[in-house]
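Okay, so the sequence shown: first residue is -5 according to my numbering, each after it adds one.
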Amino acid sequence: MSVRLTVTQRSEAGSAAKPTELVIDEAVITLGRDKACQVVLAQQAVSRNHARISQEGNLYFLEDLGSAYGTQINGKPLPKGEKHRLRNGDIIGIAQYDVRFSHVAAMSLNVGTDKTSFVARSLVKDVMRGLTSGEGPYFRIMNGPREGERIELNDAQEIVIGRDETADVTFAEDLVSRRHAKLRRDWSGTHVEDLGSRNGIKVNKKKVNRKTLKDGDELEVGSTRLIYVDPTDLPEPSVVIPHEPVDDGGEEEEEEHTPNQPLPRVPPPKRPPKAEPPPEPPPPEPPPPEPEPEPVKAEEPPAPPPEPPRPIVREPPPEPAAAGGFTKQKLVPLAVMGVFALLAIGLIVALIAGA
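Pasting the structure below:
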């Protein structure tokens, strides 16, 4: 089964260039800056051997090869040294490149109903190949010291996972209980059951006590991840590449890219000139203040009645001055002085007579 990788380069401005499609039919696909890679991503932020896609049976896995800036899967960082199962539509992020992964069913180049019949035969052949090969369901260990090992599970079989040496599958880590979980397969399918462990079990990142597994489910026991693979399940719907006849109308044919041909560098589009912002409208005028009510004036007390007019008193005219120019005011002191003078003279005469 082939793989189709749709590579899109994002520019610094946020826009994306025209995507490039690569169809590769190899068990191991390397992505990186080195020209020896099947998918060459010509950018300095991409390591020489950045990431790898590997096929195991009908499954494909992605792993980071110790790159400088890491790899993302659907927007989340991919831990280094761990493998992630790829599904149709997964987006692999490497620097400014987005690589869309999808399975591809090869098609016949004949036109007509032969295309559909060829695809149907191809899908049936893939399923029958798994049924006739004698390969049954198994668990693949995805990380840890036992990474890559398989745990086969036959019909009517039970497998106990734990830390104790008596367990069928032993994981020597503190997060795993002595008897942690049990795997069981019967006529109804493959089941996993928690045996009362301290940290529980998870299926597809969700904690469960008991769960019937499907092909591709991820089981977590402690810090160990296991992928359940059932070749008897139908594979995921494959992407069919239709055969497009060559148009002789003069249109330019799309440039084909071989797997090891570096992708063209797309210059970032020119940014349009920034339009001047429209002038801001003037702020609305504030409404006029409401007139304050006039205070009620207190009633003033009644004015007192007007005073009756005072009678006009006329002063008597001044008395005329006496003859000789002396007035009464001048004559009084003169008389007093004369009396004192007479007394003094009498006193002097008496003193003389007594002597």
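Note that beta-carbon positions come from the ideal geometry of N, C-alpha and C, so glycine has one too.
Computed from a predicted model, the values in this text were never measured in an experiment.
Is residue i helix, strand or coil by DSSP?
i       : result
PRO71   : strand
PHE165  : coil
VAL170  : coil
GLY51   : coil
GLY156  : strand
GLY332  : helix
VAL40   : coil
GLY83   : coil
GLY183  : strand
LEU189  : coil
ALA11   : coil
GLY216  : coil
GLY340  : helix
ALA347  : helix
LEU325  : helix
ALA175  : strand
THR24   : strand
TYR63   : coil
ASP149  : coil
ALA89   : coil
LYS29   : coil
LYS208  : coil
GLU6    : coil
ASP58   : strand
LEU16   : strand
THR226  : coil
ARG(-2) : strand
ARG140  : coil
LYS201  : strand
Among the residues of its own chain, which have a CB less than 6 Å from the CB of residue i, if the five just before and after it don't count?
i      : result
ILE85  : ASN68, ASP92, ARG94
LYS205 : VAL186, VAL197
LEU80  : TYR54, LEU56, PHE95
TYR222 : PHE133, LEU207, ASP211
SER191 : SER171, HIS174
ASN203 : ASP188
GLU247 : For GLU247, the predicted structure reports a pLDDT of 45, less than 50, and the residue's modelled location is therefore unreliable. The matter cannot be settled from this model.
PRO13  : THR0, THR2
LYS77  : PHE55, GLU57, MET136
GLY75  : none
VAL22  : SER48
GLY87  : GLN66
ASP224 : PRO131, ASP209
Would you say the beta carbon of residue i is closer than 7 Å to some non-hydrogen atom of the ligand GTP?
i     : result
ILE88 : This structure lacks the ligand GTP; in fact it carries no ligand of any kind.
List the whole-angstrom C-beta distance separating residue i from residue j, where the pair is believed to meet the contact cut-off of C-beta under 8 Å.
i      : j      : result
LEU53  : LEU72  : Not really, about 16 Å apart at Cβ, beyond 8 Å.
ARG173 : GLU152 : Rounded, the Cβ-Cβ distance is 12 Å, inconsistent with contact.
THR65  : ASN137 : 16 Å between Cβ atoms; not a contact.
VAL170 : ILE145 : Going by Cβ atoms, the distance from VAL170 to ILE145 rounds to 14 Å, so no, they are not a contact pair.
GLY216 : GLU167 : 5 Å
For residue i, collect the residues of the same chain with a Cβ closer than 8 Å to its Cβ; drop the 5 residues on either side in sequence, then sort them by chain order.
i      : result
ARG337 : Note that residue 337 is Leu in the sequence shown here, rather than Arg. Taken in chain order, the list of residues that qualify is empty.
SER41  : GLY26, ARG27, LEU59, GLY60, SER61, ALA62, TYR63
LEU147 : GLY130, PRO131, TYR132, PHE133, ILE153, LEU177, ARG179, THR184
GLU143 : ARG134, ILE135
GLY348 : none
What residues in its chain sit with their C-beta under 7 Å from that of residue i, if we drop five residues either side in the sequence?
i      : result
GLY194 : ASP188, LYS201
PHE165 : ILE155, ARG157, VAL215, GLY216, THR218
ALA161 : VAL154, ILE155, ARG173
ILE342 : none
Report yes if the CB atom of residue i is closer than 8 Å to the CB atom of residue j, and no otherwise.
i      : j       : result
VAL350 : SER(-4) : This structure gives no information on residue 350, because the portion of the chain shown stretches from -5 to 349.
THR24  : ARG(-2) : no
ALA11  : ALA89   : no
GLU15  : THR0    : yes
GLU50  : GLN32   : no
LEU220 : ILE135  : yes
Determine, using beta carbons only, whether residue i comes closer than 8 Å to chain D.
i     : result
GLU20 : Absent from the structure: chain D. Only one protein chain is present.
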